[in-house]
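With positions in the sequence shown counted from 1, the corresponding number in our numbering is that position plus 17.
Contents: one structure, followed by commentary.
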Amino acid sequence: MSGPHPNGWQVGMEVIIVLTERREADVRNGTITKIGRRWITFRHSAGWAENRFDADTMRIDGGQYGSPGRVYPSMAEYEETLERNKLWADLRGRIGYQPPDHLTLDRIKAIHAEVLPK
Numbered sequence: 018m019s020g021p022h023p024n025g026w027q028v029g030m031e032v033i034i035v036l037t038e039r040r041e042a043d044v045r046n047g048t049i050t051k052i053g054r055r056w057i058t059f060r061h062s063a064g065w066a067e068n069r070f071d072a073d074t075m076r077i078d079g080g081q082y083g084s085p086g087r088v089y090p091s092m093a094e095y096e097e098t099l100e101r102n103k104l105w106a107d108l109r110g111r112i113g114y115q116p117p118d119h120l121t122l123d124r125i126k127a128i129h130a131e132v133l134p135k
């Protein structure tokens with residue numbers, strides 16, 4: 018594929034590589050070296066062998082095993098994902114078995130429709 022990918026990936030683009038094989042994420046820099054329809058090839062800034070990630074899911078190819086991590090277009094997007102996940106975990110931990118008194122039936126229906134997949 019010549020030129021940038023429809024999702025915005027480009028050869029030479031700096032990306033953030035987040036490896037999650039261990040308990041703590043290993044965050045590294047990388048550079049895109051090749052663009053395909055599905056797979057985007059990248060190289061870690063320290064120079065280890067090239068690897069690839071799915072252009073849509075941003076998951077690094079783990080072969081027959083689970084993905085060893087994910088690629089983000091920027092550190093800001095990675096940090097936003099961390100904050101989003103942290104807030105969601107906090108919300109999940111605070112939701113009780115009974116709805117809060119201040120939420121009306123209509124508001125609960127609206128939240129239900131927004132949160133659950135269609």
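Every residue gets a Cβ at the ideal spot worked out from N, C-alpha and C, and that includes glycine.
Only a predicted model underlies this, so the values are computations on that prediction, with no experimental measurement involved.
Local conformation of residue i per DSSP, three classes
i    : result
H119 : coil
Y89  : strand
I112 : coil
T48  : strand
E67  : coil
H129 : helix
W26  : coil
R54  : coil
E31  : strand
Neighbour-count burial assignment, residue i, 16 or more Cβ in a 10 Å radius
i    : result
W65  : exposed
W26  : buried
V44  : exposed
I125 : exposed
Under 8 Å between C-beta atoms of residue i and residue j
i   : j    : result
T48 : G86  : no
S91 : I128 : no
E31 : N46  : yes
Chain-order list of residues whose beta-carbon lies under 6 Å from that of residue i (same chain, five-residue window excluded)
i    : result
L122 : none
V88  : V32, I34, F70, M75
Cut-off 7 Å between Cβ atoms - residues of its own chain near residue i, not counting five sequence neighbours on either side
i   : result
R60 : G47, T48, T50, E67
Contact the stretch 57-77 vs the stretch 99-119: 3+ CB pairs below 8 Å: no
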